[in-house]
Structures are given as structure tokens and as C-alpha cells.
Amino acid sequence: VAVNKMDTTKWSEERFNEIIKETTNFIKKVGYNPKSVAFVPISGWHGDNMLEESSNMTWYKGWTREGKGGVVFKGKTLLDAIDAIEPPTRPTDKP
Numbered sequence: 001v002a003v004n005k006m007d008t009t010k011w012s013e014e015r016f017n018e019i020i021k022e023t024t025n026f027i028k029k030v031g032y033n034p035k036s037v038a039f040v041p042i043s044g045w046h047g048d049n050m051l052e053e054s055s056n057m058t059w060y061k062g063w064t065r066e067g068k069g070g071v072v073f074k075g076k077t078l079l080d081a082i083d084a085i086e087p088p089t090r091p092t093d094k095p
């Protein structure tokens, strides 16, 4: 989950954590495991945490998520999170 417009909140850690809490509740309600979701604070306008780490959010230590089979993925940027998306497995025993 990319939490955009962090520049409008002055890169607030409190606001980011508030959004994570609200979104996690929604993710649980629709049947997903919140541990399998990466949350990344970004500013698309300034490019913060999109391709490279941001110096404006020094409080952000990165994301961790669990993949299939208990594999753990870690990263700090939106690009890292996109790269860590596991492709769906295709059934090879069906037509």
C-alpha cells in the first residue's frame, strides 16, 4: 500500500501510523492477511521513497511482509515493494 501525499502532512510519522491502522482493519475485513501487505510512505510530487530512500522521512525504517510459504520480504521504497510482488501460480494440471 503506497501512502501518498506525505509531503502535505510534513512527512508525519503519526499520520502514517494512523493510516496503517485504519487500512489494516479494512484489509482484515475483506479477508487478506495484513502481514502480507507492505506499507510505504511516499510523496509522488517530490519522488520521496519511490525509487530511492527519502531524507525527509528518517523515521521510516522500511517494510517487512510475509510471502507464500513463510518467505519474508524486506525493503524501503515503493519500487522494492513492487519488485517483491509474487506472481500468481498457474495451474499446470488443468487445460
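Residue numbers (full-length UniProt numbering): 1 to 95.
No residue lacks a Cβ here, since even glycine has one placed at the ideal position from N, Cα and C.
What is the rounded straight-line gap between the Cα of residue i and the Cα of residue j?
{"i": "Ser55", "j": "Pro95", "result": "51 Å"}
{"i": "Lys61", "j": "Asp93", "result": "42 Å"}
{"i": "Ser36", "j": "Thr58", "result": "24 Å"}
{"i": "Asn33", "j": "Trp45", "result": "30 Å"}
Sorted by chain position, which residues of the same chain lie with C-beta nearer than 6 Å to residue i's C-beta, five sequence neighbours on each side aside?
{"i": "Asp83", "result": "none"}
{"i": "Ser43", "result": "Met6 and Asp7"}
{"i": "Phe73", "result": "Arg65, Gly67 and Ala84"}
When the cut-off is 8 Å and only beta carbons count, does residue i lie next to chain D?
{"i": "Phe73", "result": "The structure shown has no chain D; it contains just one protein chain."}
So, is residue i buried or exposed, given that buried needs 16 or more other C-beta atoms within 10 angstroms?
{"i": "Thr8", "result": "exposed"}
{"i": "Phe26", "result": "exposed"}
Check the C-beta distance from residue i over to residue j and give it rounded, since I have them as a contact under 8 Å.
{"i": "residue 97", "j": "Gly70", "result": "With the chain covering only 1 through 95, there is no way to say anything about residue 97."}
Who are the Cβ neighbours of residue i in its own chain at under 7 Å, not counting the five residues just before and after it?
{"i": "Phe39", "result": "Val1, Val3, Ile20 and Trp63"}
Looking only at its own chain, which residues have a Cβ that is under 8 Å from the Cβ of residue i, when we skip the five neighbours before and after it?
{"i": "Lys28", "result": "Pro34"}
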